[in-house]
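Take the sequence shown: its letters are residues 305 to 386, numbered as in our numbering.
By construction, the Cβ of each residue, glycine as well, lies at the ideal position given by its N, Cα and C atoms.
Step one of this worksheet: look at the structure below.
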Amino acid sequence: MKSIRELSLSGKRVLLRADFNVPMDEQGLITDDIRIRMVLPTIDYILEQQGRLVICTHMGRPGGKVVPEFSLAPVARHLQEV
């Protein structure tokens, strides 16, 4: 399998599977963002190469139901800040 750095990404849609299942406190604030920070170099590279990034992840085990405490909104906000 080729490394992402061996591919031409410009203008291409890139699906990135990331493990952003991070711990949060009672207020919904992320208490440990190491899983997010570990993926940042890959995210930065894809965007620098003008790839159209789509991130696929999940939070917890909602069992096929919408569970508000498993919302990825805090992760999205955190990604905008780092």
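Indicate the three-state DSSP secondary structure (helix, strand or coil) for V358 in the structure shown.
DSSP places V358 in strand when its eight states are reduced to three.
Report all residues from its chain with a CB closer than 8 Å to the CB of I334; omit the five preceding and five following residues, and keep chain order.
The answer, listed in chain order, is V326, P327, M328, I340, P378, V379, H382.
What are the residues that DSSP puts in a beta bridge with V318?
Looking at the DSSP assignment, V318 forms a beta bridge with L357.
Please say whether L320 and L357 have beta carbons closer to each other than 8 Å?
Taking 8 Å as the Cβ cut-off, L357 and L320 qualify as a contacting pair.
Report the three-state DSSP secondary structure of M363 (helix, strand or coil).
M363: coil per DSSP, three-state reduction.
Less than 8 Å between the CB atoms is what I'm expecting for G355 and L313, so what's the real figure, rounded?
About 4 Å separates the two Cβ atoms, so the contact holds.
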